[in-house]
Amino acid sequence: MGCVLGAFGCCCGSAACSLCCACCPSTRNSIVTRLAYGMLLLIGMFTSWIFLIPSFARTLAKIPALCKGSTVGGMEVFQGQISCENIVGYLSVYRIQFSLACFFFTMMILMLCVKRSKDPRSGIQNGFWLWKILAIIGICVGAFFIPNHGFAPALMVIGTICGFLFILVQLILLIDFAHSWNESWVEKGEEGSKIHYCGLIFFTTTFYIVSIVAIILLYVYYASKPACGLNIFFVTINFVLCIIVSVVSVLPTVQNYHSTSGLLQSSFVTLYVIFLTWSAITSEKPNPVCNPSWYGVMKGGNLTEYEATGNGSVGVTSIIALVIFFGLIVYSAMTSSTKSSGGKLLGISGNEETGTPVPKSESGKSYDDEEEAVAYNYSLFHFMFFLASFYVMMTLTNWLKPSNDAQNFRQSDSAVWVKIASSWTCLALYFWSVIAPCVFRNRDF
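See the structure below:
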């Protein structure tokens, strides 16, 4: 992380560069750039999170002349033109992430058809970080002056669609990560490393045990009553499908054409699918019988997830989803192997296939690895971050639906089906990745 911050500082000023970047090893300019954009997205996510803190409105009220009726030093200030209560909460998350989405959409348009670093627009992609940050701040300030009427409902529809599309991208990255992990450790195990073989067994066993325990808990707390028929269906069908893909992954025919297919990937995917199932169930409308919250379960009460979190908090499933999201963002930025199927699809694969020699560089400096060809598709990269901004927006707001006044949010049925459809899509993608080498035997997977 220190190297990432150092690289980010290198782009903002020479003083920060001299102090921080000397501690970092030399690295490719394309990787530094992707990590820097990832940091922008992460900073935007944490900024949105700050605006969800219940006491943040009182903190803003202490700023002189900012809010209507705010008090400073015991004296009331009336010069403010805004109400602090109206610029915090879920609606503020909409405005902040909308600003990031506008920035990445603009960058996507500007970076169309960039082929090499000699293109003048490549300088905009890899530099001018201070101006980019100022641009994002400017867009964000302007977004807070957009009238509430119609803004939040329209953005919720756009966010749901774009969030679902990003989930599909995230599923591809997750499955690609599982295959890469298993392939790497199997290869090292075949070279004589007992530690990696033990690691494969340990993580596979752990993932399956956690998945089984999670399924039992889902049945106990969310699908124990006949009235919870939909929950029973979700848990049962996903449990059965996970068993099927696990069995298929170790069939002799599959092993003949896909030797690195194994239970590690299946256990990893199974655990993630069970998480998506739990997330879908907790997105249902308040029901103390079929949808108790995490807090309600721990306290033995019947609070629902929505009642426990309220407008201005982030649910447990959303926190886990954001952790997974950031991990995959870092993985996609660091992955440059042309063997990565996810990398090829997302335009993040490296330029090793061009045969360009890697230039040497002094420690702490990034070097240009895109003189012959760009290491990733700039426009597609920004499009993925455009979708990611809306995904963060929907996740931080627990996929809730804004009411008519746009200040209060309530449960939405669309969130349930987006998440459960994501779990089925994940299983379908993984199943295809396992059997594809058997179907297309003349292709290299």
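In UniProt numbering, the protein residues as written are 1 to 445.
A virtual CB, placed ideally from N, CA and C, is assigned to each residue, including glycine.
In this text the structure is predicted, and so the values were computed from the model without any measurement.
Of the listed residues the options, nearest to residue i (C-alpha basis)
i, options, result
"PHE166", "TYR219, ILE324, LEU200", "ILE324"
"VAL169", "LEU91, SER423, ALA227", "SER423"
"GLU187", "LEU40, SER55, VAL247, SER259", "SER259"
"ARG410", "THR253, LEU328, ARG34, GLU284", "GLU284"
"LEU429", "LEU173, LYS118, PHE326, LYS194", "LEU173"
"ALA415", "ILE124, SER266, LEU134, PHE164", "PHE164"
"ALA118", "ASP413, VAL374, TYR90", "The identity of residue 118 in the sequence shown is Lys, whereas the question assumes Ala. Nearest of ASP413, VAL374, TYR90 to LYS118, Cα basis: VAL374."
"SER92", "ALA135, LEU271, THR33, PHE46", "PHE46"
"GLN265", "PHE56, GLY38, ALA223, PHE202", "PHE202"
"SER30", "PHE234, GLY262, LEU130, MET334", "MET334"
"ILE216", "SER267, ILE232, GLY142, ILE136", "ILE232"
Three-state secondary structure assigned by DSSP to residue i
i, result
"ARG116", "coil"
"GLU34", "With the sequence shown as reference, residue 34 is identified as Arg, and Glu is not the correct amino acid for it. ARG34: helix per DSSP, three-state reduction."
"PRO402", "strand"
"ASN291", "strand"
"PHE326", "helix"
"ARG441", "coil"
"PHE409", "strand"
"PRO153", "helix"
"SER318", "helix"
"VAL88", "coil"
"LEU251", "coil"
"MET334", "helix"
"residue 462", "Because the chain here runs from 1 to 445, residue 462 falls outside it and cannot be looked at."
"GLN79", "Note that GLN79 has pLDDT 47, beneath the 50 cutoff, so the model's placement of it is unreliable and the number below is only indicative. If DSSP states are grouped into helix, strand and coil, GLN79 belongs with coil."
Distance, residue j Cα to residue i Cα
i, j, result
"TRP278", "TRP432", "24 angstroms"
"ILE53", "THR395", "16 angstroms"
"ASN126", "ILE50", "29 angstroms"
"GLU191", "LEU200", "14 angstroms"
"TYR257", "ILE274", "28 angstroms"
"GLN255", "VAL245", "14 angstroms"
"LYS132", "GLY315", "31 angstroms"
"VAL114", "ALA36", "19 angstroms"
"GLN189", "LEU380", "Per the sequence shown, residue 189 should be read as Gly rather than Gln. Computed Cα separation, rounded: 36 angstroms."
"ALA436", "VAL88", "48 angstroms"
"PHE326", "VAL392", "10 angstroms"
"ALA214", "LEU155", "34 angstroms"
Residue i classed as buried or exposed, judged by whether at least 16 other C-beta atoms fall within 10 angstroms
i, result
"PHE440", "exposed"
"PRO402", "buried"
"ASN398", "buried"
"PHE128", "exposed"
"THR59", "exposed"
"residue 447", "Given that the chain is displayed from residue 1 to residue 445, the structure contains no residue 447 and the question cannot be resolved."
"CYS198", "exposed"
"HIS149", "exposed"
"VAL32", "buried"
Nearest-angstrom Cβ-Cβ length linking residue i and residue j, presumed shorter than 8 angstroms
i, j, result
"residue 447", "ILE96", "In the structure as shown, the chain begins at 1 and stops at 445. Residue 447 is therefore absent and cannot be evaluated."
"PHE234", "ILE281", "6 angstroms"
"TYR272", "CYS426", "7 angstroms"
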